[in-house]
Amino acid sequence: MIHARRISVAAVAVLAALAGSPGLAQAQQPPHAKPLTARADGALPPGWRVTGEGAARELVWRSDRAVPMGDARVEFHAEGRLLGVPKAAEDGRTFRLALDEATPLKDLQVLAAGRRLDARTGNSGKDAKNSLAAAQPPAQLPAHSVDPGKPGSYRTVTGEYDLDPVKLPDFAQPVEMQAVVVAPSGATGKRPLALFLHGRHGTCFKPGGSEEDASGEWPCPSGMKPIPSYKGYLQDQKLLASQGYVTVSISANGINGQDWEAEDGGAQARSSLVRQHLAKWADWAAHPGTAPAAVPGAAKTDLSRVLLVGHSRGGEGVNRAAMDSVYPPPAAQDGYGGAIRWKIRGTVLIGPTIFGQNPVADVPSATILPGCDGDVSDLQGEVYVDGTRGISRGAALHSAVYVVGANHNFFNTEWTPGKSEAPSFDDFGDDPERRDRVCSPGTRTRLTADQQHKAGATYIAAAARLFVGGDDRVRPLLDGSGRRAPSADPARVLTHAVGARRTGGLLPDAPVKVTGGRLCSGVVPDPAVACLGRAKGSSPHFALWETQERGRRAVALKWSAPGTATKVRPDAPLSLSGAKKLALRVMVPPNTNGAKLDVAVSDSAGRRAKLGQVKVDGLPGSERTASYWAREVRVPLTAATRAGLDLKHVKSLQLTPRSRYGKAWLMDAWGWAPGTPAVRAVALPRVDIGRLKVKEGDSGTRTYHIPVQVSGQGSGKVRFSVLDPDTGRAKDKLVTVRPGSTPIDVPVKVKGNTRFGNDQQQDLLAKAVEGAVVGSYRGGVTAQNDDPAPKVTLTPVADRVTEGKKLTWRITLSEPADADISQPIRVLPVTEGAELSTKDVDREWLMNYAGELPDPERTLSKAELWVWTDIPAGSTTVDFVIPTVKDQLAEPTESVRLALTDFEAEPLPDHAVVTGTVVDAS
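All the letters of the sequence shown, read from the start, carry residue numbers 3 to 924 under this note's numbering.
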């Protein structure tokens, strides 16, 4: 069979009533069996273990606390490389990932968007106090004359609709069509539409309960209510509605409760839901009498002027909806499939995910990056800016809006404590003993919830006014011109951008030569080539993808004295014709100030001109923040014109440090001119990788091929990465794609057998490089197990012992399996006589299996013992042992009752409950 990522035989489930149980535990095995954690990698860090052997080997990590449901994916990494995305158990603490024998387990880490989950981070003690004092907000930018955060002249009216749910591909449960609408009252003429989509959050809550009672189920079970995440943007909606926009915020709990099943994290499903709502609005605009009475403004919407606003995974969802509205997806993957009767003028993406790293180059975007994001903490949304470079013509403006001191959740009031209907929390968190210099509440750089939401609403309105309203006066708030919107005060909001009227990009990823500095990689962990090396903190520009890809380079400068120039020479001269200034995006270390660089250019004839000097300051940062972020600086090109340089043939860029010492990284340089050009989407080919699921069969070998579809028009370049099923390492191939062609052929052999095992998987990834878009970026062939699981029995080995001896039972499978079999056992109350207590068993055993101390003394059944045993692939037995202790007390005969259970801790039907007896030794 193919060795690849495997689906676990059983998800680990823990009842709320058994929340104190450790969930996963190892049972002692018979002497002839190898220990479940046997491996060549030596001892693993606390919380980690390996189960199974061969094809069924799994890496398991259990957190000491629940991991809240959020937008970032939990990932296992080793030696700086992604091992895979583990499956979460229902206890919210246990995560399991299929593992191959060849996979090294050194420097294990659990990451969620670059944030460590398996180790505490932050400063403490004296260093923490010093660092808290050192964190200062950036200097306030000059106020801009145009302030989109001011309310408009319209009064607003609010209504809701709740339509029949829709069925989306690959989701078992239908998804709600529910929304809240805020519209201008008394507005004349057709009004633009702004649609909001929330991110991945808990779906259900228990009225009167706590955060821990929230769940990710869908539909909500009895006694629980849906969390109204879609109502969390009313402040933003009312601001836009006062300015003349019809706004609608849609609910996506049905996707949040099921997106763990989606290969892309739910991006295509969210796109389908957005377009289902847009289709309803198009129907209502065309046939006003069909609109629900409670929906204000439905008949007055102008669907040729649509803004999409998405938060977190909702950001990735509206990005995909914009893509699907220009480049239709394959029908088999789409949950809409109807006509496109609208035009997306732009998107606003708030703390977004971008798992596929597939931004839409020809739809303008503004990406809000929260400096204290504790969920999508690597600020991977920067890819919506950087990832568009070189893909299309570059006419669309793509802006990054860095909000110092903002967290992830507080842009949504339904995720904000004190404002939400359901229990909510600060995603960044705060440990009084390990305060963060930038993001702990009360620091000078951390925003309050109201300050953060006001800043978010202001910059959403700025994007609407520029992208939809076409008001170029607001552009300096978004394009790196160094102006602020006073309505966002006291927040420090910084921007940089690519696209619009920028020309002649000097990109480190292109063929360039560097002298006096070095080309570095943002994603290769080798310190010899890495941009940041072992620096504390991270960079949004270098957010990791699913494989260690090529590119993502920068030009690194390091100096200990002023005067040594770094020269960057592209292979072919660049044209800065028509530009007014040279714009550079330059990154310096956080908490540093005053890096000064002289900027000069030379043309092909050897003429050189010093353009001026730039000063770059770092952002406030800590080891927990992604504060290595480029600031946009500009110098006029007038000196080059006076010197007679041929700006159509610029051959080199020179940066000369003038401060005493420092570090800097050049991300790119562009010719810049004011203005926002009209954007027309270029006809491009679209690539989508499918997932072929086949039955393994009982015998023989069959060959299948990973489905890759190319639609659209024209030709472009896409990098495909074939993942090695044993090591996870990628083999890359740059391919020119054209509609109707098969750009890459990946054959997969599937060998049949008659033993129960896990599904086997071979994967393929794709990323656009030039002149193409990628929708479904990941796919492959999955060979599904089609054999029944073996039957399991529990029999005594030593069920009557003297105290101090070991009670032993054997769990036996009816036949060997090719997968690790997990079987839980629960301790039940005895029905007669005395029951073993917490002081009658080994103290360490009790801590390992129940997470409980012996005191106060209580019966074992009240210690909530629910133990998971693992039978390795190829084995048929495992022993479950309870070590008793000998004491000096005279006691009656005591007993314990055990039952094999299902994954909800209920005893299995038709399986006998067994009893163990312990006799006093005195």
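Quick reminder that beta carbons are idealized off the backbone N, C-alpha and C, glycines included.
Using a Cβ-Cβ distance cut-off of 9 Å, determine whether residue i contacts chain D.
i: A597; result: The chain inventory of the structure shown lacks chain D, comprising one protein chain alone.
Can you tell me which of the three DSSP states residue i falls into?
i: V112; result: strand
i: D266; result: coil
i: I257; result: helix
i: E859; result: coil
i: E834; result: coil
i: W547; result: coil
i: P228; result: strand
i: P478; result: helix
i: L891; result: coil
i: I827; result: strand
i: V276; result: helix
i: T158; result: strand
i: Y386; result: helix
i: L686; result: coil
i: V531; result: coil
i: D922; result: coil
Under 8 Å by Cβ, that's how I've got residue i and residue j pegged, so tell me the actual separation to the nearest angstrom.
i: V739; j: S717; result: 7 Å
i: L867; j: R828; result: 7 Å
i: V470; j: R347; result: 5 Å
i: R467; j: D304; result: Rounded, the Cβ-Cβ distance is 15 Å, inconsistent with contact.
i: G482; j: T497; result: 5 Å
i: P1; j: P818; result: Limits of the chain in this structure are 3 at one end and 924 at the other, which puts residue 1 out of reach.
If distances are taken between C-alpha atoms only, which option among the options comes closest to residue i?
i: T517; options: D511, T568, G472 and A368; result: T568
i: G266; options: V87, G673 and D285; result: Here the sequence assigns Asp to residue 266, which means Gly is not the residue at that position. Closest option to D266, Cα to Cα, is V87.
i: Q270; options: F758, F173 and G211; result: F173
i: H200; options: P186, Q550 and I257; result: I257
i: H651; options: I356, P575 and R536; result: P575
i: G781; options: R51, S839 and P709; result: P709
i: P153; options: P228, T190 and K240; result: K240
i: C533; options: D481, V590, R503 and P572; result: V590
i: L586; options: C441, Q615 and S562; result: Q615
i: E908; options: A923, A892 and V869; result: V869
i: L165; options: R157, P176, T158 and Y156; result: P176
i: K793; options: D336, Q711 and L910; result: L910
i: A563; options: P659, E846 and A675; result: P659
i: L809; options: S212, T886 and L351; result: T886
i: I356; options: G317, T349, G373 and G339; result: G317
i: R307; options: D600, Q335 and A287; result: A287
i: D842; options: G876, E893 and T879; result: E893
i: H313; options: T369, I884 and K864; result: T369
Within its chain, find whatever has a CB closer than 7 Å to the CB of residue i; leave out the 5 residues flanking it on each side and keep chain order.
i: A642; result: V603, A611, L613 and L649
i: T919; result: D801, R802, T895 and S897
i: K665; result: L559, K560, V590 and P591
i: G218; result: M71, G204, T205, N258 and G259
i: K208; result: D215, G225 and M226
i: A645; result: R609 and A611
In chain order, what residues of the same chain lie with their CB nearer than 8 Å to the CB of residue i, ignoring the 5 residues before and after it?
i: L900; result: L796, W811, I827, R828, V829, L830, F882, V915, V916, T917 and G918
i: D726; result: A732 and K733
Taking just the CA atoms, how far does residue j sit from residue i?
i: P542; j: Y404; result: 10 Å
i: P332; j: W547; result: 24 Å
i: R64; j: N409; result: 26 Å
i: V637; j: A397; result: 22 Å
i: A243; j: R555; result: 42 Å
i: V531; j: S629; result: 20 Å
i: W417; j: A451; result: 10 Å
i: D904; j: V799; result: 23 Å
i: V385; j: V311; result: 17 Å
i: R437; j: N411; result: 19 Å
i: L621; j: A293; result: 49 Å
i: W220; j: A254; result: 11 Å
i: L113; j: T445; result: 26 Å
i: A675; j: G596; result: 26 Å
Give me, in chain order, the residues of the same chain whose beta-carbon lies closer than 6 Å to that of residue i; leave out the 5 immediate sequence neighbours on both sides.
i: K735; result: F722
i: V832; result: S897 and R899
i: V700; result: Note on residue identity: the sequence assigns Asp, not Val, to residue 700. Contacts found: G754 and T756.
i: A231; result: The identity of residue 231 in the sequence shown is Ser, whereas the question assumes Ala. So the list reads H200, H203 and E416, once near-sequence residues are dropped.
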